[in-house]
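**Q** At position 87 of the sequence shown the residue is numbered 87 (the UniProt record's numbering), and the sequence of numbers has no breaks.
Before I ask anything, here is the structure I am working with.
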Amino acid sequence: MTTLTVNGTEYPLDLADPRVTLLDALRDRLDLTGTKKGCDQGACGACTVLSDGRRILACLTLAAQCDGREITTIEGLESHPMQDAFVRHDAFQCGYCTSGQIMSAVALLGENRAGTDADIREYMSGNLCRCGAYSNIVAAVREVARNA
């Protein structure tokens with residue numbers, strides 16, 4: 001029996017198959033669908049969540065590895081200044097990558113990594129946006145970093 005602590009709530013999970021990814025456990029077992037399945041190979045960042053405050057790719061992480069860790073998903077952020085900044089700067093576009101982008105941006109702020117715009121772009125480079133909203137995303141992160 002594995003216990004996942006997600007957004008402050010403990011969920012006991014019977015993982016008969018130890019290969020269940022955190023992404024599949026979140027979406028299929030816990031019905032937390034804000035975390036998106038993009039490439040399922042760790043290349044796009046759509047599945048980014050926080051594990052003990054650090055970003056991880058849920059599609060590459062086994063659910064069993066997260067026993068004893070605090071997992072935060074986009075649902076766990078509630079109303080965060082980063083979400084408001086994404087709206088103001090039109091950083092959503094189609095919205096598919098947004099939850100992963102926001103989770104990475106929140107981790108960036110938590111690690112005090114928002115130096116220059118180039119620093120933000122480098123840190124966020126693991127999150128792909130097929131709509132090309134990168135400059136809007138950088139502007140949103142910059143705004144929240146300035147006001148933090």
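Each residue gets a CB set at the ideal place from its N, CA and C atoms; glycine is no exception.
Thinking just about the alpha-carbon of each residue, which of 2, 9, 8, 27 is nearest to the one in residue 17?
**A** Locating residue 17 in the sequence shown gives position 17, where the first residue counts as 1. Cα-wise, what sits closest to residue 17 is 2.
**Q** What's the C-alpha gap between residue 36 and residue 102?
**A** Numbered from its first residue, the sequence shown carries residue 36 at position 36. Numbered from its first residue, the sequence shown carries residue 102 at position 102. Their Cα atoms are separated by approximately 12 Å.
**Q** At the level of alpha carbons, what is the spacing between residue 138 and residue 82?
**A** In the sequence shown, the residue the question calls residue 138 occupies position 138. In the sequence shown, the residue the question calls residue 82 occupies position 82. Whole-angstrom Cα-Cα distance: 11 Å.
**Q** Cα separation between residue 109 and residue 145?
**A** Position 109 of the sequence shown holds residue 109. Position 145 of the sequence shown holds residue 145. In a straight line, the C-alpha of residue 109 is about 7 Å away from that of residue 145.
**Q** For residue 96, which of helix, strand or coil comes out of DSSP?
**A** Walking along the sequence shown from the start, residue 96 turns up at place 96. Three-state result, residue 96: coil.
**Q** What number of angstroms, rounded off, separates the C-alpha of residue 9 from the C-alpha of residue 142?
**A** Reading the sequence shown from its first residue, position 9 is the one you call residue 9. Reading the sequence shown from its first residue, position 142 is the one you call residue 142. Distance between the alpha carbons of residue 9 and residue 142 is about 31 Å.
**Q** Helix, strand or coil: how does DSSP classify residue 143 here?
**A** Taking the first residue of the sequence shown as position 1, residue 143 is located at position 143. Of the three classes helix, strand and coil, the one that applies to residue 143 here is helix, per DSSP.
**Q** With three or more beta-carbon pairs closer than 8 Å as the criterion, would you say the region 52 to 66 touches the region 79 to 95?
**A** no
**Q** So what does residue 151 bridge to, in DSSP terms?
**A** Residue numbering for the chain in the displayed model covers 1 to 148; residue 151 lies beyond these limits and cannot be assessed.
**Q** Please look up how many angstroms separate the CB atoms of residue 131 and residue 94, rounded, as I've assumed it's under 8 Å.
**A** Counting from 1 along the sequence shown, the entry for residue 131 is found at position 131. Counting from 1 along the sequence shown, the entry for residue 94 is found at position 94. Sure, about 5 Å apart at Cβ, within 8 Å.
**Q** For residue 48, write down the residues that DSSP places opposite it in a beta bridge.
**A** In the sequence shown, residue 48 corresponds to position 48, counting from 1. The partner list for residue 48 (beta bridge, DSSP) reads 57.
**Q** Kindly indicate which three-state DSSP category residue 12 falls into: helix, strand or coil?
**A** The residue given as residue 12 occupies position 12 in the sequence shown. Strand.
**Q** For residue 135, count neighbouring Cβ atoms within 10 angstroms of its own Cβ and tell me buried if that reaches 16, exposed if not.
**A** Looking up residue 135 in the sequence shown gives position 135. Classification of residue 135: exposed, given that the 10 Å Cβ count is below 16.
**Q** Since residue 52 and residue 70 should fall inside the 8 Å C-beta cutoff, what is the C-beta to C-beta distance between them, to a whole number of angstroms?
**A** Sequence index remark: in the sequence shown, residue 52 carries index 52 (1-based). Sequence index remark: in the sequence shown, residue 70 carries index 70 (1-based). Yes, they are in contact, since the Cβ atoms of residue 52 and residue 70 sit about 6 Å apart, within 8 Å.
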